[in-house]
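One structure is given here, and the rest of the page talks about it.
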Amino acid sequence: MLCSGWPTGGRDQCQGDSGGPLYHNGVLVGVCSFGAGCGQVQFPGVNVRVSRYTAWISSNA
Numbered sequence: 006m007l008c009s010g011w012p013t014g015g016r017d018q019c020q021g022d023s024g025g026p027l028y029h030n031g032v033l034v035g036v037c038s039f040g041a042g043c044g045q046v047q048f049p050g051v052n053v054r055v056s057r058y059t060a061w062i063s064s065n066a
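Under my numbering, the first residue of the sequence shown carries the number 6, and numbering increases by one thereafter.
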């Protein structure tokens with residue numbers, strides 16, 4: 006899992022974002038999974054870490 010958002014809140018994933026990409030410096034690093042509300046302080050969005058599935062993605066692409 007990979008958390009994303011701002012510790013102070015205000016930026017995060019929200020309803021309808023599940024399955025969407027999480028990029029860092031133009032590289033796909035995660036896929037949106039779930040969160041607690043939208044942009045909540047101390048409750049970041051939770052993503053699936055793509056690097057854990059690189060071998061599976063390569064063999065099934």
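Heads up, the beta-carbon is just placed ideally off N, CA and C, and yes, glycines get one too.
Note that the structure is a prediction, hence the values are computed from the model and not measured.
Next on the checklist: Taking DSSP's pairing of strands, which residues face ARG16 in a bridge?
Outcome noted: According to DSSP, ARG16 bridges with nothing at all.
Checklist entry - Within 10 angstroms of its Cβ, does GLN18 collect 16 or more other Cβ (buried), or is it exposed? => result By the 16-neighbour rule on beta-carbons within 10 angstroms, GLN18 is buried.
Next on the checklist: Could you tell me the alpha carbon to alpha carbon distance between GLN47 and PRO12, rounded to whole angstroms?
Outcome noted: Between the C-alpha atoms of GLN47 and PRO12 there is a straight-line separation of about 5 Å.
Item to check | Reference MET6; option with closest CA among ASP22, VAL36, SER23 | outcome: Answer by Cα proximity: VAL36.
Checklist entry - How about GLY50 and SER38: are their beta carbons less than 9 Å apart? => result Yes, Cβ-Cβ distance for GLY50 and SER38 is below 9 Å.
Checklist entry - Nearest CA to the CA of GLY40: which residue from TRP61, THR59, ALA60, SER23? => result Of the residues TRP61, THR59, ALA60, SER23, the one whose Cα lies closest to the Cα of GLY40 is SER23.
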